[in-house]
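If you read the sequences in order, they're chains A and B.
264 is the number of the first residue of the first sequence in this note's numbering; add one for each residue after it.
423 is the number of the first residue of the second sequence in this note's numbering; add one for each residue after it.
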Amino acid sequence: MAERVGPPRTLAVPFPFGHPLGGPHDFARQLSVVGAALALLDRPGPGPILEDYQRLDLVT
Amino acid sequence: MAAFTDLSLRDRLLMAAYPWRTIDPPAWAQPLRPVSAARVAIVTSAGFYRPGIDPPFRSIAGGDVSLRILPVDTRLDRLELGQVSHSFDREALATDPGSALPIPHLQALAAAGGIGSVAPRHLSFNGSILAPGRLTKETGPEAARILAEDQVDIALFVPV
């Protein structure tokens, strides 16, 4: 959907539908995803940026 | 990983035929300050609302494009899920609303210096809006006005 619509910055995640930041009660994973999404703001343009969370070097 | 094939046949047919809009030209705004100094707000499409305080989202043709404002001190465990779709794990969001409205996560980041501050208000839309005309013409600009009023630098959209 992000590829077709083209929002300025998107972090693609590997989780099931309904787990936008990771599984329920997995605070550490959710925090990691939020941090990774916000880090896209520090990248220079032009956009749109579509990043794969799994490709980032912060998955534990 | 969520995949197109995880959806029901009905939803797959709907998505295949849906006239997706493309943001053209691409929207782009360079942040005025680094993330570590930015004020961050969450915009979710979980359709969260506060029972007894906010009106529930309605199940209407094309989708309910209205908006709920959730103060930063909202009790997450008291939120109701207004999303009408059954194409996602509803139980996950019902038991852990923070997984789609990560206010505690922003507070943790602010305490650690990862962001500047957490916005005083966060926004909840309903998902499954098939007719987004009023959303883009009315509710969207209203959301932008609220975020600008709160001097928000970054709006983190959490789609459901």
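Quick reminder that beta carbons are idealized off the backbone N, C-alpha and C, glycines included.
Top-ranked residue by Cα proximity to residue i, from the options
i      : options                        : result
B:H527 : B:V540, B:D511, B:L515, B:A459 : B:V540
B:A570 : B:S481, B:H544, B:D428, B:S507 : B:H544
B:V457 : A:A302, A:V297, A:D315, A:A275 : A:A302
B:T496 : B:P441, B:A460, B:S546         : B:S546
B:T517 : A:P271, A:P277, A:P307, A:H288 : A:H288
B:L588 : A:P279, A:R318, A:G269, A:I312 : Residue 588 of chain B cannot be examined here, being either before or after the span of chain B that is shown, 423 to 582.
A:R318 : A:V276, A:M264, A:G298         : A:V276
B:A439 : A:G310, A:L294, A:T273, A:M264 : A:M264
B:A565 : B:L489, B:A522, B:N548         : B:L489
B:P542 : B:Q573, B:A514, B:D446         : B:Q573
B:L515 : B:I475, B:V580, B:Q529         : B:V580
B:N548 : B:R567, B:Q529, B:A522, B:I568 : B:A522
Identity of the residues DSSP links to residue i by a beta bridge
i      : result
A:E314 : A:L274
B:I576 : B:V462
A:A249 : Outside the shown range of chain A (264 to 323) lies residue 249 of chain A, about which nothing can therefore be said.
B:R490 : B:S546
B:V540 : B:V462
B:A468 : B:N548
B:E502 : B:Y471
A:P283 : A:G285
Distance, residue j Cα to residue i Cα
i      : j      : result
B:P554 : B:F426 : 22 Å
B:M437 : B:L501 : 29 Å
B:G538 : B:R512 : 32 Å
B:P473 : B:D433 : 29 Å
B:V582 : B:L531 : 22 Å
B:I482 : B:H508 : 16 Å
B:A463 : B:W442 : 26 Å
B:G520 : B:L498 : 7 Å
B:K559 : B:V494 : 26 Å
B:A533 : A:G286 : 23 Å
B:A586 : B:V465 : Residue 586 of chain B lies beyond the stretch modelled for chain B, which goes from 423 to 582, so this question has no answer here.
B:V487 : B:L557 : 5 Å
B:V506 : A:R267 : 24 Å
A:V296 : B:R480 : 31 Å
B:L454 : B:P478 : 36 Å
B:G536 : A:L294 : 11 Å
A:D315 : A:R272 : 11 Å
B:P447 : B:L435 : 28 Å
A:I312 : B:G562 : 22 Å
B:L431 : B:L552 : 17 Å
B:T444 : B:Q529 : 33 Å
Contact under 8 Å by Cβ, residue i with residue j
i      : j      : result
B:G485 : B:S550 : yes
A:L304 : B:P524 : no
B:Q452 : A:G269 : no
B:L492 : B:F510 : no
A:L274 : A:A299 : yes
B:W450 : A:G310 : yes
B:D575 : B:A460 : yes
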